[in-house]
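Residue numbers (this note's numbering): 156 to 514.
Glycine included, C-beta positions come from ideal geometry on N, C-alpha and C.
In what follows, a single structure is set out as structure tokens and then discussed.
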């Protein structure tokens, strides 16, 4: 008798929406995006307060698909703002739930992923997992120094999608990720990059250290930033927003939409093309920087994230870095797929889950 496929519900909460998908083994059965309007969110003071509203919306969305919850083998939630963790899966336990519910590091929508996954799974008597949490720290110690002892470089990037796409690409090449050196660049609202050497993310360019992006300033001249902050025209909040929120394309072109920028370029807007080329230039420069970490011994460069759908952007980046290694384009965020794929490996015994211990 053939064993039934493993059905996995993947949950990825965002600031104004919750994305869910159900997979049977590697096959996606369906995906839903549940939008949460300003009116829906207004009654809640904290992200944690949104728990019941979002859970109810997920259950309702599954009902519209006539999906039977009892057929699930596991539930996977987006890992929240936890202390830096190891890569891979963590079994959601009471300690993790307590930490995210009562001691969250940040008010981040991803905190709800584990909480809702745990609640649904407990009622069904099945396991729940997070996979490649928001902060996975495998950096070499030498990579942590910034030049100022009070400022330590941090391993913050789009790790869930990055590692999943790296594994996917190398599998397509007939190789394991732990046999190769791969640079992955995720291009979205923020642009981050990492070098994965023999399966470990040994260095990272965060969205504060590399290219500017649709909403973020990226790496900026330090002394000019200090002068700006002490000019009297800025406070902590406005300066932070300039770096993260209204920097990058917003600052230069008044939009955070790469699609809109490309339309302007198609209409002959030379200024838009110049700024967009500069974003590609800085992205490529960051990839080149990370190539030095492994002394130029790079097997593959991967471009992913929403902006990787742009043939214009990926070609501009690729033409500057393909001398380092072959470039593979894997567009999209792919986070639901990554959550389900990691959980499936655990269910099949191909990976062992980690255990969360609160600090």
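Residue i vs residue j beta-carbon contact at 8 Å
i, j, result
"residue 271", "residue 229", "no"
"residue 316", "residue 453", "no"
"residue 490", "residue 244", "no"
"residue 172", "residue 190", "yes"
"residue 484", "residue 458", "yes"
"residue 213", "residue 285", "no"
"residue 370", "residue 400", "yes"
"residue 463", "residue 469", "yes"
"residue 264", "residue 247", "no"
"residue 368", "residue 387", "no"
"residue 365", "residue 455", "no"
"residue 389", "residue 383", "yes"
"residue 288", "residue 495", "no"
"residue 433", "residue 408", "no"
"residue 254", "residue 513", "yes"
Counterpart residues of residue i in DSSP-defined beta bridges
i, result
"residue 453", "Looking at the DSSP assignment, residue 453 forms no beta bridge with any residue, so it has no partner."
"residue 212", "DSSP, once it has assigned bridges, lists no residue as partnering residue 212."
"residue 232", "166"
"residue 176", "165 and 186"
"residue 403", "Looking at the DSSP assignment, residue 403 forms no beta bridge with any residue, so it has no partner."
Candidates the options: closest to residue i by CA position
i, options, result
"residue 294", "234, 167, 240 and 468", "240"
"residue 500", "180, 391 and 318", "180"
"residue 350", "409, 423, 450 and 384", "450"
"residue 311", "320, 238, 246 and 372", "238"
"residue 222", "258, 249, 184 and 253", "184"
"residue 510", "252, 431 and 373", "252"
"residue 194", "208, 320 and 182", "208"
"residue 342", "429, 403 and 425", "403"
"residue 375", "359, 385 and 398", "398"
Residue i burial status per 10 Å Cβ neighbour count (16 or more: buried)
i, result
"residue 418", "exposed"
"residue 565", "This structure leaves residue 565 out entirely; the chain is present only between 156 and 514."
"residue 323", "buried"
"residue 498", "buried"
"residue 306", "exposed"
"residue 492", "buried"
"residue 340", "buried"
"residue 300", "exposed"
"residue 504", "exposed"
"residue 441", "buried"
Below-8 Å beta-carbon distance, residue i vs any chain B residue
i, result
"residue 474", "Given the protein chain composition of this structure (a single chain), no chain B is represented."
Runs of 3 residues minimum, wholly inside the region 421 to 481: which ones carry the beta strand (DSSP E) assignment?
Those beta strand (DSSP E) runs which fall completely within the region 421 to 481 and span 3+ residues are 455 to 460.
Complete alpha helix (DSSP H) runs within the region 292 to 380 (minimum length 4 residues, chain order):
Correct list: 314 to 327.
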